[in-house]
Structures are given as structure tokens and as C-alpha cells.
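Counting with this note's numbering, you get residues 2 to 206 for the letters of the sequence shown. By construction, the Cβ of each residue, glycine as well, lies at the ideal position given by its N, Cα and C atoms. Working notes for the structure below.
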Amino acid sequence: MSDASGLRRLLGPAQYRVEIRKSRFLAQAVVLNQPEDAAARLAQLSDPAASHNCWAWRCGAHYRFSDDGEPGGTAGRPILSAIENQGVDQCLLVVTRWYGGIQLGTGGLARAYGGSANSCLQDAASEPLVERSLLQCLCPYTLLEQFKSLLTAADACIMAERFLAEGVHLQLGVPVPHQAQLQQRLQNLSRGDVVLTRVESSDHA
Numbered sequence: 002m003s004d005a006s007g008l009r010r011l012l013g014p015a016q017y018r019v020e021i022r023k024s025r026f027l028a029q030a031v032v033l034n035q036p037e038d039a040a041a042r043l044a045q046l047s048d049p050a051a052s053h054n055c056w057a058w059r060c061g062a063h064y065r066f067s068d069d070g071e072p073g074g075t076a077g078r079p080i081l082s083a084i085e086n087q088g089v090d091q092c093l094l095v096v097t098r099w100y101g102g103i104q105l106g107t108g109g110l111a112r113a114y115g116g117s118a119n120s121c122l123q124d125a126a127s128e129p130l131v132e133r134s135l136l137q138c139l140c141p142y143t144l145l146e147q148f149k150s151l152l153t154a155a156d157a158c159i160m161a162e163r164f165l166a167e168g169v170h171l172q173l174g175v176p177v178p179h180q181a182q183l184q185q186r187l188q189n190l191s192r193g194d195v196v197l198t199r200v201e202s203s204d205h206a
């Protein structure tokens, strides 16, 4: 798996606040390492007492968005467009609205949500997204913690994991420059028992 050139990744959380015709908007952007993390991150960032918690996320070829009760197309899609226009990947962005009593209209809503998301990402610290290979392996439970330490050192991320009787099947996003070194360290750790193999495109389409 190769990341498209020119994409960026957030270095950490970012926020942007604005008030538009008495409605308050809070945009929050965070890193999303894998699609499976989206639901938990949304729960952390959303305010149940707010009028709406609209969101979008993008992680590689995967993306989702929601208007959360706002008129169709006025919130989630503009937020996703902001993520795409800013060239950010592995990102989840929630825009929370507290209604102030004045309707903004569909055009006004789209500008408010899209503009809040855009401003949030413009102010966010980021770095170039490194080209990664999508690899897999079966790691015994006895080596899992040590293996995760190797992944952290190699700036690799776990894209998916399945817990099986014989160990944990992991799909990994590994920076191409670190791939050979990680493979060698894993060989040393497991005495050659654990091998990284490439995931074919048909496995994760």
C-alpha cells in the first residue's frame, strides 16, 4: 500500500471555535490510525448535549461522514471536502454545533461546517504522510508486547488485528524505509518463526 504523494498527517489534536449568527461551532480534528478506531474516537469527541455532532473521517481508501440531523449534504460532506482539500489523511474531524436560535439555511450551514473544518486543519500541525507497505503476520501471544515495541520504534501502525487460538493476526502499515529493519528485528525476536508478508490488494479492497 502506498500513500499518495503530497498528503499530510496530523501531529496531534487540533481545535477551532467560531460563532456564526448565535450558533456556536467547535471543530475538533484527531489522528485516526485505522477505521476500526472511528466509533470510539467519535464517542470521545461528541457532546450529547449539543444540537448536532457532525463528522467525517478519511483513512487511506476508506471514508465516512454524517450530517447528524442537519439537512442532507450540509455538514458531513463539507467536512469531508475540507479534509480532502487540505490534503490530510488518517484524520477524523467532528464539528459540534450549539444552535443559537437563528436558522442559517442550507448554504449557510454548508459554509459554517466546511469553513470550521477547513480552519481547524489550516491551524493544525502536520507532517508529510510517509509511504507505507501493508504487511501481515501471525504473532504469538508470548511475543506480542515486545513486537508492539518494535512497531512503535519503526513508526508502524496496526491497521487490523484478529485474535486466534495460535496468536494474533496483524495487518500493519509499515513505512517503506523501515521495512527491512523491522523484518530483521522481528526475525531476531522470534528466532525466525514470525515473518512479515505483503497483503495483496484483493485482501483489503
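- Here the C-alpha atom of PHE66 lies approximately 14 Å from the C-alpha atom of ALA30.
- With three or more CB-CB distances shorter than 8 Å, the segment 107-120 counts as touching the segment 4-23.
- Apart from sequence neighbours up to five positions away, the residues of its chain that approach ASP48 with a beta-carbon distance below 6 Å are THR97, ordered along the chain.
- The shortest C-alpha to C-alpha distance from LEU81 to any of ALA111, ALA166, PHE148, TYR142 is the one to ALA111.
- If you look at GLN29, you'll find it in the beta strand (DSSP E) that goes 24-32.
- Ranked by how close their Cα comes to the Cα of THR75, the residues ARG59, GLN104, GLU167, CYS92 have GLN104 in first place.
- Between the beta-carbon of LEU171 and that of CYS138 there is about 6 Å, and that keeps the pair under the 8 Å contact cut.
- The DSSP assignment places complete alpha helix (DSSP H) segments of no fewer than 4 residues inside the segment 144-191 at 145-154, 180-191, in order along the chain.
- Relative to ARG59, the option among LEU8, THR143, PRO141 whose CA is nearest is LEU8.
- Here LEU122 is not bridged, per DSSP, to any residue.
- Remark: three or more beta-carbon pairs, one from each stretch, lie closer than 8 Å, so the segment 181-199 and the segment 149-160 are flagged as touching.
- Distances from the alpha-carbon of ARG78 to those of GLY61, VAL131, CYS55, GLY88 put CYS55 closest.
- If you compare the alpha carbons of ASN189, GLU167, ILE159, ARG10 with that of THR143, the shortest gap goes to GLU167.
- In this structure, GLY101 keeps its C-beta atom at 8 Å or more from the C-beta atom of ARG186.
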